[in-house]
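> Input: one structure, supplied below.
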Amino acid sequence: MIKQERNMELSTYLPGRLGNPDLDLVDDPRLDPRLVEAFAAMPLQQTTIEINNQSSYKDILAYCEEAEKLGRELHPIQFSAMPTFPTVTTETIVIDGVDGNSIQLYLHKPHNPTSNMPCIVHTHGGGMAFLTAADPNYVRWRNSLAEQGILVVGVEFRNAAGQLGNHPFPAGLNDCASAIQWVTAQRDDLGIGNIVISGESGGGNLSLATALKANREGWINQIQGVYAQCPYISGLYANPPAELLSLIENDTYLLSCSMMGALVKTYDPNDTLRHEALAWPLSAKQPDLEGLPPHIISVNELDPLRDEGLAYFRKLLHAEVSAVCHTIHGTPHGADMNFADITPDTYANSVRMVTQFAYSL
Numbered sequence: 216m217i218k219q220e221r222n223m224e225l226s227t228y229l230p231g232r233l234g235n236p237d238l239d240l241v242d243d244p245r246l247d248p249r250l251v252e253a254f255a256a257m258p259l260q261q262t263t264i265e266i267n268n269q270s271s272y273k274d275i276l277a278y279c280e281e282a283e284k285l286g287r288e289l290h291p292i293q294f295s296a297m298p299t300f301p302t303v304t305t306e307t308i309v310i311d312g313v314d315g316n317s318i319q320l321y322l323h324k325p326h327n328p329t330s331n332m333p334c335i336v337h338t339h340g341g342g343m344a345f346l347t348a349a350d351p352n353y354v355r356w357r358n359s360l361a362e363q364g365i366l367v368v369g370v371e372f373r374n375a376a377g378q379l380g381n382h383p384f385p386a387g388l389n390d391c392a393s394a395i396q397w398v399t400a401q402r403d404d405l406g407i408g409n410i411v412i413s414g415e416s417g418g419g420n421l422s423l424a425t426a427l428k429a430n431r432e433g434w435i436n437q438i439q440g441v442y443a444q445c446p447y448i449s450g451l452y453a454n455p456p457a458e459l460l461s462l463i464e465n466d467t468y469l470l471s472c473s474m475m476g477a478l479v480k481t482y483d484p485n486d487t488l489r490h491e492a493l494a495w496p497l498s499a500k501q502p503d504l505e506g507l508p509p510h511i512i513s514v515n516e517l518d519p520l521r522d523e524g525l526a527y528f529r530k531l532l533h534a535e536v537s538a539v540c541h542t543i544h545g546t547p548h549g550a551d552m553n554f555a556d557i558t559p560d561t562y563a564n565s566v567r568m569v570t571q572f573a574y575s576l
């Protein structure tokens, strides 16, 4: 009886949905109070289609299309609220991809660049399935990085669904690799030194996977560093393993395992890639990781994906790769990058961490 009472007492102190399976994000005491107010005031946007890992491929594609459309409805408001970046110029170019396709690149350049300035190749979020590099939050992020004296290249890679789909693995990954190889070939003309690949969520997957691909194919010397934020890298969302406890602890906090399990189908429609490290980097074995350049992994405390980022970091250490991991407390998935006006200190810190890493290599 005493042991049972003790277990019940302990359960009340377990974080998130481990202690209370019905807990919502805004009621989690760990959440930054400024974000509590922001989420409470935010207009509710909900798709008419509910998906999970049992949903049909057709229904999942329809969900992605609708989710993108809802997001685009907010773009005018987001662009109008965006500050100007007078010290940054932008340019859009089109390059040829390895698959014979065209890839749009968004170049954000500081007005007065230093010689051999770092370059960050940015891969946007969206689960490799939807969203675009032209979305306002990604434009603002790239401008914020470029403002620190860095050339930033946003990659409009092919998505597995949505308006830039439907292109399953390895289409988007190949486009990111093509972008790195183009930047390397243009290094002198661009006036850049070290090249870092960086992205968040699905873009974190693509950043890590691009480095793994380069390592496997023998051109890893083109990448001097990798900075992955809240990476979406396990593919194990339909049946969360015990070692990735945050998938249960923080389930439905901006992301749900049911939705993420469905998105896996867009990237791997035939369910053949569960153990392919280039699709799901958490599957990487030590030989895949050995010889990689320095990495920083950033995770959010209240993110379902937190523990897979931590697990990848530990794999890097075991492979003797220089690696550091940061946990951004009080934030759910990607919130340090997406709420610049609400948590400006958190946003500025993330900008500073990425740019300092690029300069340090």
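Here the numbering used here runs 215 ahead of the position in the sequence shown, where the first position is 1.
Using N, Cα and C, we set each Cβ at its ideal position, and we do this for glycine too.
Could you give the DSSP three-state label for Tyr468: helix, strand or coil?
In the structure shown, Tyr468 sits in coil (DSSP, three-state: anything other than H, G, I, E or B).
> Taking just the CA atoms, how far does Asp247 sit from Pro230?
If I take the Cα positions, the gap works out to 15 angstroms.
> Comparing C-alpha positions only, which one of Asn564, Pro559, Ala550 sits nearest to Phe254?
When only C-alpha atoms are compared, the closest one is Ala550.
> Where does the unbroken beta strand (DSSP E) through Pro559 begin, and where does it stop?
Here Pro559 belongs to no beta strand (DSSP E); instead the alpha helix (DSSP H) covers 559 to 575.
> Which residue or residues does DSSP assign as beta-bridge partners of Gly440?
For Gly440, which the question treats as bridged, DSSP gives the partners Val411.
> With distance defined between alpha-carbon atoms, name the residue in Thr307, Asp518, Val367, Gln571 nearest to Arg245.
For the residues Thr307, Asp518, Val367, Gln571, the minimum Cα distance to Arg245 belongs to Asp518.
> Alpha carbon to alpha carbon, what distance is there between Asn268 and Gly234?
Straight-line Cα distance between these residues: approximately 25 angstroms.
> Could you tell me the alpha carbon to alpha carbon distance between His326 and Lys480, rounded to whole angstroms?
Whole-angstrom Cα-Cα distance: 43 angstroms.
> Name the one or two DSSP bridge partners that Gln378 has.
According to DSSP, which records beta bridges pairwise, Gln378 is partnered with nothing at all.
> Could you check if Pro508 is buried or exposed, using at least 16 other CB atoms within 10 Å of its CB as the buried criterion?
Pro508 is buried by the Cβ-count criterion.
> Going by beta carbon distance, what residues of the same chain come within less than 8 angstroms of Leu320, once the five residues before and after it are set aside?
Result list for Leu320: Thr307, Ile308, Val309, Ile310, Val368, Gly369, Val370, Glu371, Ala394, Trp397, in chain order.
> Which residues in the same chain have their Cβ closer than 8 angstroms to the Cβ of Gly476, if we skip the five residues on either side of it in sequence?
Closer than 8 angstroms at the Cβ level, and outside the excluded window around Gly476, lie Asn267, Asn268, Tyr452, Ala453.
> For the pair the stretch 544 to 562 and the stretch 456 to 471, tell me if three or more CB-CB distances fall below 8 angstroms.
The answer is yes - the stretch 456 to 471 touches the stretch 544 to 562, with three or more Cβ pairs under 8 angstroms.
> Are there three or more Cβ pairs, one per stretch, closer than 8 angstroms when the stretch 398 to 414 is compared with the stretch 326 to 346?
Contact between the stretch 398 to 414 and the stretch 326 to 346 is present, because at least three Cβ pairs lie under 8 angstroms.
> Going by beta carbon distance, what residues of the same chain come within less than 7 angstroms of Glu516, once the five residues before and after it are set aside?
Same-chain partners within the cutoff: Arg245, Thr542, Ile543, His544, Gly545, Thr546.
> Have a look at Val514, Ser271, Asn358, Leu462 and flag the residue whose alpha-carbon is nearest the alpha-carbon of Phe294.
Comparing Cα positions, the closest option is Asn358.
> Candidates Pro328, Leu478, Pro291, Leu360: which alpha carbon is nearest Ala375's?
Nearest C-alpha to Ala375: Leu478.
> Compute the distance between the beta-carbons of Phe554 and Ile511, then report whether it is under 8 angstroms.
Their beta carbons are not under 8 angstroms apart, which means Phe554 does not touch Ile511 by this criterion.
> Distance, Cα to Cα, Ile217 vs Tyr228?
Any answer about Ile217 is weak, because its pLDDT of 48 lies below 50 and its placement is not dependable; what the coordinates show is given next. Cα to Cα, the separation comes out at about 17 angstroms.
> Do you know offhand how far Ile264's Cα is from Ala429's?
When rounded, the distance between both Cα atoms is 38 angstroms.
> Exposed or buried, which one is Gln261 when buried takes at least 16 other CB atoms within 10 Å?
Exposed.
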